[in-house]
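J.: Going by the numbering used here, the residue at position 85 of the sequence shown is 85; the numbering climbs one at a time, nothing skipped. Ideal Cβ placement from N, Cα and C applies to all residues, glycine included. Got a structure for you, written out below as C-alpha coordinates; questions coming shortly.
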Amino acid sequence: MPDPTDGGLPIRMLHDRILVTSEGEGGERRSGGGILIPATVQMGRRLAWARVVATGANVRVLKVNDRVLYDPAERAEVEVQNEVYILLRERDVHAVAAERLSDGATGLYL
1 MPDPTDGGLP IRMLHDRILV TSEGEGGERR SGGGILIPAT VQMGRRLAWA RVVATGANVR
61 VLKVNDRVLY DPAERAEVEV QNEVYILLRE RDVHAVAAER LSDGATGLYL
(Lines of atoms letter the chains of each structure in order from A and count residues from 1; the text may use other names and numbers.)
(Lines give C-alpha, C1' and ligand atoms only; values in the text may rest on other atoms or scores of the structure.)
Protein backbone atom coordinates (compact mmCIF):
# COMPACT_ATOMS: atom_id res chain seq x y z
CA MET A 1 0.00 0.00 0.00
CA PRO A 2 1.53 3.38 -0.97
CA ASP A 3 2.32 5.82 1.81
CA PRO A 4 0.11 8.96 1.48
CA THR A 5 3.06 11.19 2.39
CA ASP A 6 5.24 10.05 -0.52
CA GLY A 7 3.10 11.37 -3.39
CA GLY A 8 3.32 8.02 -5.25
CA LEU A 9 7.08 8.31 -5.84
CA PRO A 10 9.57 5.48 -5.18
CA ILE A 11 11.22 7.59 -2.50
CA ARG A 12 10.38 8.24 1.16
CA MET A 13 11.20 11.65 2.55
CA LEU A 14 12.73 11.82 6.02
CA HIS A 15 12.35 14.21 8.94
CA ASP A 16 11.20 17.74 7.95
CA ARG A 17 12.11 17.45 4.26
CA ILE A 18 9.72 18.12 1.40
CA LEU A 19 10.05 17.35 -2.29
CA VAL A 20 8.55 19.90 -4.69
CA THR A 21 8.24 20.36 -8.40
CA SER A 22 8.87 23.83 -9.80
CA GLU A 23 6.14 25.84 -11.51
CA GLY A 24 7.11 27.88 -14.57
CA GLU A 25 10.70 28.54 -13.60
CA GLY A 26 13.01 30.12 -16.15
CA GLY A 27 12.14 31.40 -19.59
CA GLU A 28 10.57 34.66 -20.60
CA ARG A 29 7.75 36.21 -18.60
CA ARG A 30 5.49 39.25 -18.85
CA SER A 31 5.16 42.10 -16.40
CA GLY A 32 1.75 43.21 -15.11
CA GLY A 33 1.72 45.87 -17.83
CA GLY A 34 2.40 43.33 -20.60
CA ILE A 35 6.11 44.08 -21.12
CA LEU A 36 8.11 40.99 -22.15
CA ILE A 37 10.99 40.31 -19.72
CA PRO A 38 13.73 38.08 -21.25
CA ALA A 39 15.03 35.05 -19.31
CA THR A 40 18.51 36.63 -19.23
CA VAL A 41 17.41 39.52 -17.00
CA GLN A 42 18.76 39.14 -13.47
CA MET A 43 16.17 39.86 -10.83
CA GLY A 44 16.89 40.58 -7.19
CA ARG A 45 16.07 37.84 -4.76
CA ARG A 46 12.83 36.60 -6.35
CA LEU A 47 10.78 33.85 -4.69
CA ALA A 48 9.30 31.01 -6.75
CA TRP A 49 6.17 28.83 -6.62
CA ALA A 50 6.25 25.04 -6.47
CA ARG A 51 3.89 22.12 -5.84
CA VAL A 52 4.59 19.65 -2.98
CA VAL A 53 4.91 16.05 -4.23
CA ALA A 54 6.21 14.31 -1.07
CA THR A 55 6.67 15.10 2.62
CA GLY A 56 8.70 13.65 5.48
CA ALA A 57 7.20 12.22 8.67
CA ASN A 58 8.01 15.34 10.74
CA VAL A 59 6.43 17.86 8.35
CA ARG A 60 3.68 19.51 10.37
CA VAL A 61 1.93 22.05 8.13
CA LEU A 62 2.44 21.10 4.48
CA LYS A 63 0.57 18.41 2.56
CA VAL A 64 1.04 16.79 -0.85
CA ASN A 65 -0.33 19.05 -3.64
CA ASP A 66 0.05 22.26 -1.59
CA ARG A 67 1.31 25.20 -3.65
CA VAL A 68 4.24 26.78 -1.77
CA LEU A 69 6.48 29.83 -2.08
CA TYR A 70 10.24 29.29 -1.58
CA ASP A 71 13.59 30.96 -2.22
CA PRO A 72 15.34 29.30 -5.21
CA ALA A 73 18.75 30.17 -3.68
CA GLU A 74 18.06 27.78 -0.78
CA ARG A 75 17.31 24.66 -2.81
CA ALA A 76 18.91 21.36 -3.74
CA GLU A 77 17.89 19.51 -6.90
CA VAL A 78 17.44 15.75 -7.22
CA GLU A 79 16.41 13.55 -10.14
CA VAL A 80 13.85 10.80 -9.51
CA GLN A 81 12.53 8.68 -12.40
CA ASN A 82 13.96 11.12 -14.97
CA GLU A 83 12.15 14.09 -13.38
CA VAL A 84 13.98 16.93 -11.62
CA TYR A 85 12.61 17.83 -8.19
CA ILE A 86 13.65 20.35 -5.55
CA LEU A 87 14.44 19.23 -2.01
CA LEU A 88 13.63 21.71 0.79
CA ARG A 89 13.20 21.75 4.55
CA GLU A 90 9.75 22.72 5.78
CA ARG A 91 11.25 25.84 7.38
CA ASP A 92 12.54 26.99 3.95
CA VAL A 93 8.95 27.46 2.74
CA HIS A 94 7.80 31.06 3.08
CA ALA A 95 4.06 30.63 2.43
CA VAL A 96 1.28 28.29 1.30
CA ALA A 97 -1.20 29.40 -1.38
CA ALA A 98 -4.71 30.44 -0.35
CA GLU A 99 -6.32 27.26 -1.72
CA ARG A 100 -5.78 25.82 1.77
CA LEU A 101 -7.98 28.48 3.39
CA SER A 102 -11.14 26.70 2.24
CA ASP A 103 -10.50 23.81 4.66
CA GLY A 104 -10.72 26.14 7.68
CA ALA A 105 -6.98 26.09 8.38
CA THR A 106 -5.43 29.21 9.85
CA GLY A 107 -1.86 30.43 9.86
CA LEU A 108 0.54 32.25 7.57
CA TYR A 109 -1.17 31.60 4.26
CA LEU A 110 -1.25 33.90 1.25
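Within 10 angstroms of the Cβ of residue 73, are there 16 or more other Cβ atoms? Answer buried if so, exposed if not.
T.: Counting Cβ neighbours within 10 Å, residue 73 comes out exposed, since fewer than 16 surround it.
J.: What span of residues does the beta strand (DSSP E) with residue 87 cover, start to end?
T.: Note, residue 87: beta strand (DSSP E), 83-89.
J.: Would you give the residue range spanned by the beta strand (DSSP E) that residue 57 belongs to?
T.: Element bounds for residue 57: n/a, residue is neither H nor E.
J.: Below 7 Å between beta carbons: does that hold for residue 96 and residue 68?
T.: For residue 96 and residue 68, yes; Cβs fall inside 7 Å.
J.: Report yes if the CB atom of residue 64 is closer than 7 Å to the CB atom of residue 18, and no otherwise.
T.: Going by C-beta atoms, residue 64 is not nearer than 7 Å to residue 18.
J.: Which value, in whole angstroms, describes the spacing of the CA atoms of residue 93 and residue 57?
T.: So the two alpha carbons sit approximately 16 Å from each other.
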